[in-house]
Every structure is written in C-alpha cells, then in structure tokens.
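The end of the sequence shown is residue 575 by the numbering used here, with every number in the run present.
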Amino acid sequence: MLELQGIAVSPGVAIGRALVFDREGYRITRCLVAVGEDEREWQRFVDAVRQASLKLEANRQSTADKLGERIGDIFSAQLQVLSDPQLQSELESLIRKRAYSAEYAVSEVFTKYAAAFRKASSSFLSERAADIRDVERSLLEVLTGQPMETLKTIPHEAIIVSHELTPGETAGFDPEKVLGICTEAGGSGGHTAIVARGMEIPAVVGVGNFLHQIRSGDEVIIDGHLGRIIVSPDDATRDRYRERRLFRQSIATQLQEIRDLPACTSDGVRIELMANLEFPHEAASCVARGADGVGLYRTEFLYLGRDQEPTEEEHYQAYAQVVRDMQNRPVVIRTLDLGADKMGMTMLAEPENNPFLGLRSIRLSLRNPPLFRIQVRAILRAACLGDVRVMFPMITTLDELRSARFLLRSVSEDLAAEGKHIQCAVQVGMMVEVPAVVLMLDRFIDEIDFVSIGTNDLTQYTLAVDRSNESVADLYQACDPAVLRLIQRTHLIAAEKKKSTSVCGEMSNNPAYALLLVGMGIRTLSLAPAAIPILKKAIRSVTIGQCEAMAWRALRLSTAREVDAFLMNQLAGLVPEIVLQA
Ligand code: PEP
Ligand code: MG
C-alpha cells in the first residue's frame, strides 16, 4: 500500500482502478522538408490552425452548455493562443526559413513556451502551461492525422492518473466514467482544478512524482477532502473508505430532508446561511443546497482564462444569471479582488515581489477607474433584477472607501442621465480583511450598510502568514486568539450601530468555528455551498446559550492550539454524530 499527499481541489471519495494517462504520445522527431516545399508546408500549417480553431470553438460551446459560459471561456483563451501573432511569426520563420516540417515546428515552439510558463514564479502563469499543451495537441492531431489517446472514450469506470491534465481534457471527461482525478502537477487555482470542481469529480493535484509507482489497473483511492491518494490499499483501508463513502452518501440523503427548513438554533435564533460562489452556473446548486442567498460572489473569476477584460455586457450577463437563479434571495456582489494569487493580474499590472501587500483588490480597481466603472455599471444594472448588494474588498483606509463610494455615485448618475433604469437604494458594504480597519472601524461604520469579515485575509494579515505558503501553514490559524479578538471587536462596533456583520472566510465552513462565531453574536455566515447542509444540521441541534458559553470560554484561551482543541471537544458534545463524521 502506498499513501501520498497532494492538494485537495475537489471534494469526495473515489475508489476504483487507475487509468494511467501518458500524454507524451506525440514524439515529434526532427524533420526538415525538401527545398521548394516550404510554401506547401506553410499552407498545411495554416490549414491545421483553421481546423484546430473549429475544434476549440466546438469545445468552447459544448463546455459552456455543460458548465456555463465562464468555464467555456477557457477555450476562448486557447483560441487566442492559436492566433497569437508572435507565435505565428516564430512558426512561420521555422517553416519557411529553416525548412522545418509543420509538426516539428509546432512541437519545438509549443514545448518552449509551455516550459517557460511552467517555470514562471506566479502560479497563475505556471498553470497556463496546460493550456499551451492543449493547443499544441489540437494542432498535432490535425497535422499527424492521428487522434491522440483521448480520455473521452474511456471504456470503463476509472480513476484518471496523469502527470498533468489540460482543462480541455478534464472538461471532455464523461463524469459517469471518470470516478476521480489525480495529477502529479497542478495547484488549486489551475483551470483543471476549477473544471473538476465544477463537474463534482473528486480530485487531488500537485502530488509530485509518483507515476513510476503506479500502473493502469492498480486499485486507487482518492480522498478529495484531505488531498490523499492511496495506491493498492490493504483490505482494512479499502473497507474504511468504502464505509466513509457510503456514510457520506447517506449523510447527503439525510441532510436533504432539512434543506427547506431554516437554520435556526433549537431555541429559535435564526442564522442566515449564505453561499460563496465563483461562477454563475453555481447559483442553481446554492439554491439546491438550501442557501439563504449569496454572501460573497467572487467576481474576479470572470477573468478566468482570458487575456482581455470582460465587457460591461459580459459582467452584466453573469450577474443577471446569478440574481435570477437565486430567485429573490439577496446577492452580495464583491467588486474585483484581482491581484496576488488571483487570476487576471497579468493583463492589468506588473508582477510584484510582495503581491499580497501590493496593488491588489480595491487598490487595483481604484487605480483603474475605467475598469472599475464598467463593473459598477453592470452591478447597478443587475440590481434592478433583485436584491443586489455591493461589497468592496480589502478596504484599508477611509479614503479608499470614500473613493469607491464616490465612483459608485458618479456611475449611478451617469446611468440615470443615460435614461437607464437603475436601482438607487443598493446597500453598500465592505470586507474587513485588514487589522487596520478593525482598529478604525468606528470611523468607517457610519459610511456603510454592512460589513463582511474575510477571515482568510484577516488571518494572513494579522499573523503575518502568507495564506498560500505551505511551509508556514501551521501558523495560519483562523482560531488564533488575535484573530478572534478582531472578529469580536468588529461585530461589537457594527452591532452598536445596528449594522450587520457576516463572516465569509473559509472559517465558516468548519462547524466548530461557525458555532463559535454564532456564540460571539454573528448571525450571517457565508460558506462553500457544499458545506451548507451540514452546518444547518449543526445549528439546528444547539441552543444559542450553548454557543455563547462556548464563545465565552474560547475567548479566554491564549493560543490557537488551545482554542482549536477546546472547540473540537465542545463540538463532539453538542452536535449529532452525522456532523462530526461529515
Ligand atoms: C477572505 O479573505 O476571507 C475572503 C473571503 O476573500 P478571498 O478568499 O476571496 O480573498
Ligand atoms: Mg480576501
């Protein structure tokens, strides 16, 4: 039995036989064409580009139909690679001036670009290497006339194991046949991970070199919750995971029964459970899981896989779909939080040494008024369709909040002057993610309608721990007493002015931490849609007094370890087994 650890990117447990997919199938050897053949070879290449474009466009359309326009747009980015002038001119010079065969030129140039992208220090760029390989593959399929081994026609159910999968390969999977995905390369922000999540296929990426230790047909378990891979499990491990999988299925069925019941404590205190979403097509599953609304719409995902800014109409269509699908429930649209580890930064600003402390989020939007105005126009237009609220991310100074509000007002006046129908009474909130804001919150609070605490960034900035750096992951603790004090202070200041406070960081996904937040007085939590049913179950099984007692004691502890141990112990005594096992 072999156990490996990777990055969990799509939850669920899969047990099945491995299908090891070796994509190094096209080995193009050096090949030159005869004198005078270069023009014919160039035409062959031009024709291959045309055919590959048609195929990518068809992929774009079918993926958009299955998973929504935004994920389909991954292929728009690939289409742009195909028609990139610099790439084309390099290929032309190899074919025309150096007599390379079209296949050889494509293989040389694309391999060079993919390697350069893979080495880039920014994870956004390194994860684009898979897109380049996808385009290369499409061209070589046409040029060689040999379709490469594809995963679309898998004969039986399998767990796909590969060094790397391109988004195109992942989106082409038959979810009935592909039980799980495991790759040596990749990170959580890559397109492949996002596509796997969208298709609800359990996936673990970034496992490191292990393909030499596995063969097609070996039994594999993928634990998409913990990021674990087990090859050739022993009987006890297989039985444990089978039980876990069955148990999770039965939990999901049981939780379906409370889907339409409110998240009320057993003594009747209503907690709003909102969803965090990244793509418009997820709104339907938020409703299916019983979300009270969208508490955080991460609009920067509109930039996924594109190298041109979305138009106002594209913003509007995405927001309109979410608002309509949420059927009158509130939708909090966060303005672009681009930068640092987020996608799309490359087209807007230079790489930075300390991106988390750099030109990201609201700073970037305020530095680019045309970009910011386009988004705000779309939000105000979508606000006519339902209960839309605007939220600004990573506010640090009052000047930033005022500038953002000023822009909002001016855009709203423009729209009115153009005779556009807009909603004037849109609630405006801000995220609390920077300790400075907590210290100064009494000055901010009169100028906003609500606050939402982003514990992912608040933890990073309070504890000086990079949230994406594995080597300091043990220090990254949202339950650290310093973070808890900042949350408490935020809630107290907001409550004094009768403004609502929600928590939308990952902390809310953990039932023990969520009950602590409820005990501290928070009445709105925003979390991953898949985590909503289990948290609702937890909330419905406790009294508000129990949560308050838990919070009172937790806030008197001195270290993150003590707080975590205390909360886990309390949870075990308060909630039914189903919550603990989920
Ligand atoms: C947060 O920082 O907690 C948050 C919700 O925002 P994001 O994770 O998108 O930075
Ligand atoms: Mg944040």
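Yeah, the Cβ is synthetic: ideal placement off N, Cα and C, and Gly gets one too.
- Under DSSP, Tyr312 shares a beta bridge with no residue.
- Excluding its 5 nearest sequence neighbours in each direction, Leu72 has C-beta neighbours in its own chain below 8 Å: Ser46, Leu49, Glu50, Arg53, listed in chain order.
- By the CB criterion at 7 Å, Arg190 and Ser493 fall outside the cutoff.
- Residue side-chain check: Glu32 keeps its Cβ at 6 Å or more from all non-hydrogen atoms of ligand 2.
- Inclusion of Asp450 in the 6 Å shell around ligand 2 follows from its C-beta lying nearer than that to a non-hydrogen atom of the ligand.
- Put simply, of Leu25, Gly138, Ile372 the residue whose alpha carbon is nearest the alpha carbon of Ala418 is Ile372.
- Secondary-structure assignment with DSSP links Gln(-2) through a beta bridge to Arg221.
- DSSP places Val421 in no alpha helix (DSSP H) but in the uninterrupted beta strand (DSSP E) bounded by 420 to 425.
- In this structure, the straight-line span from the alpha carbon of Phe103 to that of Arg126 is close to 7 Å.
- The C-beta separation of Ile147 from Leu12 comes to about 6 Å, placing the pair in contact by the 8 Å criterion.
- Residue Glu177 holds the alpha-carbon nearest to the alpha-carbon of Ala196 among Glu177, Cys24, Asp211.
- At a threshold of 6 Å, Cys497 counts as near ligand 1, since its beta carbon sits closer than that to one of the ligand's heavy atoms.
- Out of Leu528, Pro78, Ser100, the CA that lies nearest to the CA of Glu265 is found in Leu528.
- The beta carbon of Ser94 lies closer than 6 Å to those of Cys24, Val26 in the same chain, with the five residues before and after it left out.
- At a Cβ-Cβ threshold of 7 Å, Glu305 and Ile367 count as neighbours.
- Scanning Val496, Phe443, Leu158 for the CA closest to the CA of Val421 turns up Phe443.
- With contacts defined as CB atoms closer than 7 Å, Pro504 and Val556 fail to qualify as a contacting pair.
- In this model, Asp450 and Ala524 are separated by some 20 Å (Cα to Cα).
- Of all alpha-carbon atoms in Met423, Thr448, Gly447, the one lying nearest the alpha-carbon of Asp439 is that of Met423.
- Per DSSP, Val325 is one residue of the beta strand (DSSP E) stretching across 324 to 327.
- A Cβ-Cβ distance of about 5 Å is found for the pair Met387 and Glu426, placing them in contact under the 8 Å criterion.
- The Cβ atoms of Ile222 and Gly9 lie no closer than 7 Å to each other.
- About 5 Å separates the beta carbons of Val431 and Leu479, which is inside the 8 Å limit, making them a contact pair.
- Using a Cβ distance threshold of 7 Å, Thr258 and Thr517 do not count as a contacting pair.
- Under the three-state reduction of DSSP output, Ala487 falls in the helix class.
- Rounded to the nearest angstrom, the Cβ distance from Asn269 to Gly283 is 15 Å, too far for a contact under 8 Å.
- For the 7 Å CB-CB criterion, Gly61 and Gly199 do not form a contact.
- The shortest CA-to-CA distance from Leu391 to any of Leu548, Asp467, Asp435 is the one to Asp435.
- Within 10 angstroms of the beta-carbon of Asp232 lie fewer than 16 other beta-carbons, which makes it exposed.
- The three-state secondary structure of Ser493, taken from DSSP, is strand.
- Between the region 314 to 327 and the region 372 to 384 there are three or more inter-stretch CB-CB distances shorter than 8 Å, so the stretches are counted as touching.
- Only residues of its own chain outside the window of five on either side were considered, and among them Ala123, Arg126, Asp127 have a CB closer than 6 Å to the CB of Thr159, listed in chain order.
- By the CB criterion at 7 Å, Ala544 and Leu509 fall inside the cutoff.
- Taking 8 Å as the upper bound for CB-CB distance, Ile355 and Glu393 are in contact here, some 6 Å apart.
- For the region 340 to 425, the continuous alpha helix (DSSP H) assignments of 4+ residues that do not extend past its boundaries occur at 354 to 360, 362 to 375, 391 to 410, in sequence order.
- Inclusion of Cys472 and Gln416 in the CB contact set at 7 Å is not warranted, their separation being larger than that value.
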